[in-house]
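Numbering (the working numbering), first residue to last: 940 to 1582.
These notes are about the structure you will find just below.
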Amino acid sequence: MCGILGLIHRSPGQRPQLPDELLARLAHRGPDDRGAYTDSHVQLGHTRLSIIDLTQAGRQPMATRDGRYVATFNGEIYNYLELRAELVAVGEHFDTHTDTEVLIAAYRHWGRECLDRFLGMFAFVIWDRQKKEAFLARDRCGEKPLFYCFDGDRFAFASELKALLPMLGHTPALNVSAVDMYLHYQYVPEPLTLLEGIHKLAAGHSMTLTLDDWRAIPARYWCVETAGIPVSGALTRDRILSAIREDVENAVRLTLRSDVPVGVALSGGIDSGAIAVIAQRHYSQPMHAFCVGYPGRPPYDERQQARALAESLGMIVHEVELPIDSFVEFFPDLVSIMDEPIADPAAFGHYSIPRAAAQQGIKVLLSGVGGDEVFWGYPYTTQAVALNQLAIRQPWISAVAGLTGASAFQKFLIKVANYPRAHSALRRAADTLQRLGDRHNPPDQLLYYMLHPEFPGPFAHKRNLYGPAMEALEPTNPFLPTAIGSRGFDQVPAAIIRMLFETWLVSNCLSLGDRVSMSVGVETRMPFLDARLIGHVMALRARYPDHALGQKDWLRAALKGVVPDDVLARPKAGFQPPVREWLSGVVNRYASGLRDGALVRAGVLAGDRIDYVCTQLSSSWYGLLLAYKLVLLETWYQRIVAT
């Protein structure tokens, strides 16, 4: 795992190596080594976190023997040993034991089709000196980041914004459309960023940049919606569960490949619990397990359950306790670490686990991230499938719901749906009509993010907060990331999974996880995002839909006898910090920074509404969350952009 950055110049010239102070901006991603390469068209840089082949043979940027190909690579190709054997059989020669050399050889032999063979997480740039061509790619789910900025003369790229911005020579303006999305999503959905002219190479995409035509057009090579290879023949439930169990075990085993110690981030839930059980079974030494909790051990503190499982497996347990004051004090530094504003209240806890791992000398950490996304872990996603399929099968219901879109009618339906004395059938009917009739959701889109419990919140407040720069935005602007078109009845489940992957998973979970772990030089690996596992599950559910079977039904049933029954039976709790206390503390401490800040100067936030943000807005939960997002955004601009 590493940090990468560089410049590609359209015109030839004498190019110095990238300065060491620029490479130092990514030193946290690669504290073990750094290197640079330059020729008349490119300047490439790399900071290395040594995980595979710890010798100097793994130094990057890495060139082939003949010097034609040069790569700077961030990530891990887990199946590099199998690919290496396959390449040796066709005449390739290797001088190191690194997966980087396998990556270059795979590209040389298979071209861009090499991406179909890689199992792992990656973001890389390969420069072909002979063809004067750069090939960039990012892994299927987006575990590793890649930012870029392209103009008529130069193409700049980096693993993080804090390394990209100094290469631009100017300060980009805020992208007001992305700001509006951020205030709904709590993150910026890729490929957008908050800065004009700066993009993320989207997950599952590659890009070829040649000096002749000088175009940077991303091309998709993978999509979760179409990832499954059709399953032929009838399968029993036992066969389905056996296949999933085998896929999960293979994925965990593959992510254990490392020349440094591997640990586990462990909660009390099924996802991390399954990984811990399988990983320890295939690991020769007692693994280190890390769990998080809070002072006084409130009901949502899962340390007891995590410790019980870890000790039953013979693991070495480390507990991390998170006081409220620590979060408030650390907030500005946490914003810098995140590199982008991600208003997930769980960020501090997610940072504290890899920090504790680093203190114990653990450089690789297995995580359960992805289990919820692959196996229907979120209630709003299964509700989205049910409501969209209902609207397709019974179009008259949508027609009736369309008559309920008026604000007063919507409020009435919400009251009925939540009235405890009303008959359950009446409450369900009112909820269905309210959801399908909500006029915020564009009529040409699947109903999805309006079902998320927090997404609708800003609609009630932002018109009272926005400055002149936001006036031209369309009301449907927040829904642009989910504008994937309509789907047929049987296609709805896969489309919902796609929207989940392409918004929440990549831009919140994976972005946050990458930044907080790499800030302390720890590589996080997520077995549930194994491409073979995902593809198999998507293929199976296309034939045997599982969204109505219950939360994570397939995963729970597949792991019966592998994971203890009490873990499998535990309902999803998620990461539950003392959110209101944390957010209130941050708003009270730092909201004054909004006065005459970057958001006001850019016309994003109305200057005469700052007192309202600092006091009245935070009186409700949705208002408090919105105030926190604004404070985080302002702090991010000052820490990352304005420096």
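Backbone N, C-alpha and C define an ideal beta-carbon position, used for all residues, glycine too.
By the CB criterion at 8 Å, Asp1198 and Ile991 fall inside the cutoff. Per DSSP, the beta-bridge partners of Ser1145 are Ala1076 and Ala1158.
Boundaries of the alpha helix (DSSP H) harbouring Ala1497: Asp1492 to Ala1497, taken from the DSSP string. Of Val1324, Arg1374 and Pro1318, the smallest CA-CA separation from Ala1340 is found for Arg1374. Counting only residues of its own chain and dropping the five nearest sequence neighbours on each side, Leu983 has a CB closer than 6 Å to the CB of Gly945, Tyr976, Pro1000 and Thr1011. In the structure shown, His1475 falls within a helical segment according to DSSP collapsed to helix, strand and coil. The stretch 1196–1211 makes contact with the stretch 1304–1321; the number of CB pairs closer than 8 Å reaches 3 or more. With respect to the 8 Å criterion, Thr1574 and Tyr1529 are classified as neighbours on the basis of their beta carbons. The beta carbons of Leu1122 and Lys1568 sit closer together than 8 Å.
Under the three-state reduction of DSSP output, Lys1083 falls in the coil class, being neither helix nor strand.
Between Val1115 and Met1465, the CB-CB gap reaches or exceeds 8 Å. Leu1261 places its beta carbon less than 8 Å from that of Val1231. Judged by their CB atoms, Glu1072 and Thr1003 are not nearer to each other than the 8 Å cut-off.
The stretch 1084–1121 contains, as complete beta strand (DSSP E) runs of 3+ residues, the segments 1086–1089 and 1093–1097 (chain order). Per DSSP, Phe1061 is not a residue of any alpha helix (DSSP H); the beta strand (DSSP E) it occupies stretches across Gly1059 to Asp1067. Distance from the Cα of Ala1141 is smallest, within the candidate group Ile1214, Ala1481 and Ala1062, for Ala1062. Collapsing the DSSP output to three states places Thr1554 in coil. With a threshold of 16 other beta carbon atoms within 10 Å, His1289 meets it and is buried. Annotation for Leu1103: Leu944, Phe1086, Tyr1087, Cys1088, Ala1095, Phe1096, Ala1097 and Ile1137 place their beta carbon closer than 8 Å to its own, counting only its chain and skipping 5 residues before and after.
Contact holds between the stretch 1476–1491 and the stretch 1319–1327, because three or more Cβ pairs, one in each stretch, are under 8 Å apart. Here Gly1460 really is in contact with Pro970; their C-beta atoms are around 5 Å apart, less than 8 Å.
In this model, Pro1395 and Arg1426 are separated by some 23 Å (Cα to Cα). The Cβ atoms of Ser1145 and Ala1076 sit closer than 8 Å to each other. Burial state of Leu1468 is buried, judged by a 10 Å Cβ sphere holding 16 or more other Cβ atoms. The stretch 1355–1366 and the stretch 1470–1481 do not touch, with fewer than three beta-carbon pairs separated by less than 8 Å. Checking the DSSP bridge columns, you'll see His985 partnered with Ile943 and Gly974. Residue state for Phe1229 is assigned as strand, using DSSP reduced to three classes.
Looking from the CA of Tyr1576, the closest CA among Ile1281, Ala1496 and Thr1343 belongs to Ile1281.
As summarised for the stretch 1185–1243, the continuous beta strand (DSSP E) elements at least 3 residues long and confined to that stretch are 1201–1204 and 1227–1232, given in chain order. Scanning its chain for C-beta atoms nearer than 6 Å, with the 5 sequence neighbours on each side dropped, one finds around Leu1412 the residues Asp1119, in chain order.
Secondary structure at Met1465: coil, using DSSP grouped into helix, strand and coil. Excluding the 5 residues flanking it on each side, Pro1157 has same chain C-beta neighbours closer than 8 Å at Pro1130, Leu1140, Ala1141, His1144, Ser1145 and Met1146, in chain order.
A residue is called buried when at least 16 other Cβ atoms come within 10 angstroms of its Cβ; Leu1365 does not meet this threshold and is exposed. Annotation: the continuous alpha helix (DSSP H) that includes Glu1520 extends over Val1518 to Tyr1529. Under the three-state reduction of DSSP output, Lys1354 falls in the helix class. Around the beta-carbon of Gly1562, 16 or more other beta-carbon atoms lie within 10 Å, marking it buried.
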